[in-house]
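Protein sequence lines correspond, in order, to chains S and D. Counting along the first sequence from 1, when you hit position 156 you're at 319 in my numbering, and nothing is skipped either side. Counting along the second sequence from 1, when you hit position 92 you're at 255 in my numbering, and nothing is skipped either side. Down below is the structure, laid out as structure tokens.
2 protein chains.
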Amino acid sequence: MAVRVVGFDGDDTLWHSETRFHVTQSEFRDLLKRHVPDADIDTRLAEMEMKNLSIYGYGVKSFTLSMIETAIELTEARIPAADVETILGWGKRMLMEPTALLDGVEETLRALAGRYDLLLITKGDLFDQESKLARSGLGEMFLGVEILSEKNVETYRGVFHRRGIKAEDFVMVGNSLRSDIVPVVALGAHAFHIPYEVTWHHENVPEDELPVQGWRPLSAIRELPAALEEL
Amino acid sequence: MAVRVVGFDGDDTLWHSETRFHVTQSEFRDLLKRHVPDADIDTRLAEMEMKNLSIYGYGVKSFTLSMIETAIELTEARIPAADVETILGWGKRMLMEPTALLDGVEETLRALAGRYDLLLITKGDLFDQESKLARSGLGEMFLGVEILSEKNVETYRGVFHRRGIKAEDFVMVGNSLRSDIVPVVALGAHAFHIPYEVTWHHENVPEDELPVQGWRPLSAIRELPAALEEL
Numbered sequence: 164m165a166v167r168v169v170g171f172d173g174d175d176t177l178w179h180s181e182t183r184f185h186v187t188q189s190e191f192r193d194l195l196k197r198h199v200p201d202a203d204i205d206t207r208l209a210e211m212e213m214k215n216l217s218i219y220g221y222g223v224k225s226f227t228l229s230m231i232e233t234a235i236e237l238t239e240a241r242i243p244a245a246d247v248e249t250i251l252g253w254g255k256r257m258l259m260e261p262t263a264l265l266d267g268v269e270e271t272l273r274a275l276a277g278r279y280d281l282l283l284i285t286k287g288d289l290f291d292q293e294s295k296l297a298r299s300g301l302g303e304m305f306l307g308v309e310i311l312s313e314k315n316v317e318t319y320r321g322v323f324h325r326r327g328i329k330a331e332d333f334v335m336v337g338n339s340l341r342s343d344i345v346p347v348v349a350l351g352a353h354a355f356h357i358p359y360e361v362t363w364h365h366e367n368v369p370e371d372e373l374p375v376q377g378w379r380p381l382s383a384i385r386e387l388p389a390a391l392e393e394l
Numbered sequence: 164m165a166v167r168v169v170g171f172d173g174d175d176t177l178w179h180s181e182t183r184f185h186v187t188q189s190e191f192r193d194l195l196k197r198h199v200p201d202a203d204i205d206t207r208l209a210e211m212e213m214k215n216l217s218i219y220g221y222g223v224k225s226f227t228l229s230m231i232e233t234a235i236e237l238t239e240a241r242i243p244a245a246d247v248e249t250i251l252g253w254g255k256r257m258l259m260e261p262t263a264l265l266d267g268v269e270e271t272l273r274a275l276a277g278r279y280d281l282l283l284i285t286k287g288d289l290f291d292q293e294s295k296l297a298r299s300g301l302g303e304m305f306l307g308v309e310i311l312s313e314k315n316v317e318t319y320r321g322v323f324h325r326r327g328i329k330a331e332d333f334v335m336v337g338n339s340l341r342s343d344i345v346p347v348v349a350l351g352a353h354a355f356h357i358p359y360e361v362t363w364h365h366e367n368v369p370e371d372e373l374p375v376q377g378w379r380p381l382s383a384i385r386e387l388p389a390a391l392e393e394l
């Protein structure tokens, strides 16, 4: 196999993302506990996010809107506007935080950039993702950037088509089995899964739905150059 | 000049958009007047949108978050959560409304699709724009779709580069002087401006900053096929 193009997921593969959602969600839990001590806040927020996914899509703005809606619903509209303002502030903080790269990312990308064409393939909010990439300092190492509203067989096929990539020349690297591994392997390309410390429940895949070959896990991005050479 | 590629803006060029913002904004004004009868609500909302633009970017979710923040600020946090819920509902309504095409769009695109490569080049929220395009039924007529977080010389240059387009082969069609005309003409391509009934103040350009040639206004999209042949 002669790998020519390596695609990288962004959130939780190159830079920290989910931990920020977790931090904000625990603040949200504390805030709402004061109004509704007995509510199962995490479950209700997760349900709200899923309900709103087809309307809002992914990203921090969607998350912020779903937190506000959950707060109103759980308190039966008793939540004070000052608390809504606090939630708005958390959303802005998440959007403005500096991009924190994962360990080993910069040196690994730099080592690979001369040997392969590197693509950033992320999903989520266009504005937020572009802003994160700009703040990451990694922009120049990527030949191209694809920000998709959803990562599935159809949207990866679109990327291959637009960029004239053959599946057998392509390897995807990411932390989400659902978004980075399963659809890519289904198209006949290869994938490496690098688990992150926390995974959004939406990104999990039942074990028996995982492809049996075409991918394998790596424990850190530093293992990638050797893994690519072994293919 | 041998035009090969025609780029179309989406919002207020192919489908109605700004009128929806106006409708929602007038509901917002009525709602807030009950709490702060003397406030200049439109001005304050416009200022909030501008202040938040570099954090949120464009689109309905950004607009919804800015409405909520304006409501909290203007009422000094006295706005009841039930009113915040109403604002959230307006945002969702805007995101779910069927895509309403402007008059003459479908037949004009159909007439042009065989003669030129058609590109949709919009800005704003990725998820919302893809959803609008899907609901518009126009998807199949476009060779490609580019959703940009901002439309300026740099991002148009990126489109030309990615798609191997020479400026002299390209014509852009849109309702915004700032986003669809000025940067395109600056790159040496041609543009047609089709004004919409209302324009967001942010999209206006002072008359003395407009290019003197390389573009002209059309009064309706139906004039486009003839205008392209005259180039």
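Glycine is no exception: its CB is placed at the ideal position from the N, C-alpha and C atoms. Just so you know, these numbers come straight off a predicted model, no measurement behind them.
**OP:** Using a Cβ-Cβ cut-off of 8 Å, state whether D/Phe-226 counts as contacting chain S.
**Re:** It does not: the Cβ of D/Phe-226 has no partner Cβ on chain S nearer than 8 Å.
Subject >> Environment of D/Glu-293 [buried if 16+ CB atoms lie within 10 Å] >> reply: D/Glu-293 is buried by the Cβ-count criterion.
Original post:
According to DSSP, what are the bridge partners of S/Glu-393?
Top reply: DSSP output for S/Glu-393 lists no bridge partner at all.
**OP:** Measure the CB-CB distance between D/Leu-272 and D/Val-168 and report whether it falls below 8 Å.
**Re:** The beta carbons of D/Leu-272 and D/Val-168 sit no closer together than 8 Å.
Subject >> Among S/Glu-392, S/Leu-394, S/Leu-391 and S/His-356, nearest to S/Ala-383 - alpha-carbon criterion >> reply: For S/Ala-383, the closest alpha carbon among the candidates S/Glu-392, S/Leu-394, S/Leu-391 and S/His-356 is that of S/His-356.
Original post:
Taking C-beta to C-beta, are S/Val-348 and S/Leu-391 nearer than 8 Å?
Top reply: The answer is no: Cβ separation not under 8 Å.
Original post:
Enumerated in chain order, which unbroken segments of the alpha helix (DSSP H) with a length of 4 residues or greater are wholly contained in the segment 192 to 253 of chain D?
Top reply: Within the segment 192 to 253 of chain D, the complete alpha helix (DSSP H) runs of at least 4 residues are 204 to 219 and 223 to 237.
Original post:
Using DSSP with H/G/I as helix, E/B as strand and the rest coil, what is D/Ile-284?
Top reply: Strand at D/Ile-284.
Original post:
Between D/Arg-197 and chain S, is there a C-beta pair that is closer than 8 Å?
Top reply: Cβ-Cβ to chain S under 8 Å: no for D/Arg-197.
Subject >> Listed by chain order, chain S residues near D/Ile-242 by CB distance under 7 Å >> reply: Ordered by position in chain S, the residues that pass the 7 Å Cβ test against D/Ile-242 are Ala-244.
Subject >> D/Ile-235 vs D/His-198 beta-carbon contact at 8 Å >> reply: Remark: C-beta atoms of D/Ile-235 and D/His-198 do not approach each other more closely than 8 Å.
**OP:** Going by DSSP, name the residue or residues bridged to S/Phe-290.
**Re:** As DSSP reads the structure, S/Phe-290 sits in no beta bridge.
**OP:** Determine contact between the segment 361 to 375 of chain S and the segment 329 to 343 of chain S, defined as no fewer than three beta-carbon pairs at a distance below 8 Å.
**Re:** A contact exists between the segment 361 to 375 of chain S and the segment 329 to 343 of chain S.
Original post:
In this structure, does DSSP put S/His-179 in helix, strand or coil?
Top reply: In this structure, DSSP gives S/His-179 a state outside helix and strand, which the three-state scheme calls coil.
Subject >> Buried or exposed by the 16-neighbour rule on C-beta atoms within 10 Å, applied to D/Gly-287 >> reply: Answer is buried; the Cβ neighbour count reaches 16.
Original post:
Does the ligand COA have even one heavy atom less than 7 Å from the beta-carbon of D/Thr-187?
Top reply: The ligand COA is not part of the structure shown, which contains no ligands of any sort.
**OP:** Report yes if the CB atom of D/Arg-192 is closer than 8 Å to the CB atom of D/Asp-201, and no otherwise.
**Re:** Contact check for D/Arg-192 against D/Asp-201 fails: the beta carbons are separated by 8 Å or more.
Subject >> Given 8 Å, three or more beta-carbon pairs between the segment 317 to 324 of chain D and the segment 241 to 261 of chain S >> reply: Short answer: they don't touch.
**OP:** Please name the residue in S/Ala-240, S/Leu-296, S/Leu-311 and S/Glu-372 whose C-alpha comes closest to that of S/Tyr-221.
**Re:** For S/Tyr-221, the closest alpha carbon among the candidates S/Ala-240, S/Leu-296, S/Leu-311 and S/Glu-372 is that of S/Leu-311.
Subject >> S/Ala-274 burial status per 10 Å Cβ neighbour count (16 or more: buried) >> reply: Classification for S/Ala-274: exposed.
Subject >> Residue environment, S/Pro-380, which counts as buried when at least 16 other CB atoms sit within 10 Å >> reply: S/Pro-380 counts as exposed, since fewer than 16 other beta carbons sit within 10 angstroms of its beta carbon.
Subject >> Neighbourhood of D/Ile-251 by C-beta distance below 6 Å, restricted to the same chain and skipping five residues each side >> reply: Here the sequence assigns Leu to residue 251 of chain D, which means Ile is not the residue at that position. So no residue of the chain qualifies.
Original post:
So with Cβ pairs under 8 Å, would you call S/Phe-290 a contact of chain D?
Top reply: Yes, its Cβ sits closer than 8 Å to a Cβ of chain D.
Original post:
Mind listing which residues of the segment 245 to 262 of chain D have their C-beta closer than 8 Å to chain S's C-betas, in chain order?
Top reply: Within the segment 245 to 262 of chain D, the residues whose Cβ lies closer than 8 Å to some Cβ of chain S are Ala-245, Val-247, Glu-248, Leu-251, Gly-254, Lys-255, Leu-258 and Met-259, listed in chain order.
**OP:** Taking 8 Å as the cut-off, decide whether the C-beta atoms of S/Lys-224 and D/Tyr-219 are in contact.
**Re:** Their beta carbons are under 8 Å apart, which means S/Lys-224 touches D/Tyr-219 by this criterion.
Subject >> Interface partners of S/Thr-238 on chain D, CB under 8 Å >> reply: Within 8 Å Cβ-Cβ: Ala-244.
Subject >> Nonlocal neighbours in the same chain, by C-beta distance under 6 Å from S/Leu-296, ignoring five residues either side >> reply: Scanning its chain for C-beta atoms nearer than 6 Å, with the 5 sequence neighbours on each side dropped, one finds around S/Leu-296 the residues Gly-302, in chain order.
Original post:
If we ignore side chains and look at the alpha-carbon of each, how far apart do D/Phe-305 and S/Pro-388 end up?
Top reply: Cα to Cα, the separation comes out at about 39 Å.
**OP:** Please confirm whether D/Glu-210 and D/Val-361 have their CB atoms less than 8 Å apart.
**Re:** 8 Å or more divides the Cβ of D/Glu-210 from the Cβ of D/Val-361.
**OP:** Kindly identify the DSSP beta-bridge partner or partners of S/Asp-174.
**Re:** Partner(s): S/Trp-178.
Original post:
Would S/Ala-263 be called buried (16 or more neighbouring beta carbons within 10 Å of its own) or exposed?
Top reply: Per the 10 Å Cβ criterion, exposed.
**OP:** Compare the beta carbon distance of D/Ala-352 and D/Asp-343 with 8 Å and say whether it is the shorter of the two.
**Re:** Note that the C-beta distance between D/Ala-352 and D/Asp-343 is not below 8 Å.
Original post:
Based on Cα-Cα distance, which residue from S/Ala-330, S/Asp-174 and S/Val-345 lies nearest to S/Val-375?
Top reply: Distances from the CA of S/Val-375 to each of S/Ala-330, S/Asp-174 and S/Val-345 were compared; the closest alpha carbon is that of S/Val-345.
**OP:** Tell me, please, whether the CB atom of S/Glu-232 is closer than 8 Å to any CB atom in chain D?
**Re:** Chain D, which has a Cβ nearer than 8 Å to the Cβ of S/Glu-232, makes this yes.
Original post:
Is there a Cβ from chain D that is less than 8 Å from the Cβ of S/Glu-220?
Top reply: For the sequence presented, residue 220 of chain S should be read as Gly rather than Glu. The beta-carbon of S/Gly-220 is placed less than 8 Å from the nearest beta-carbon of chain D.
Original post:
In three-state terms, what does DSSP make of S/Val-336?
Top reply: Strand at S/Val-336.
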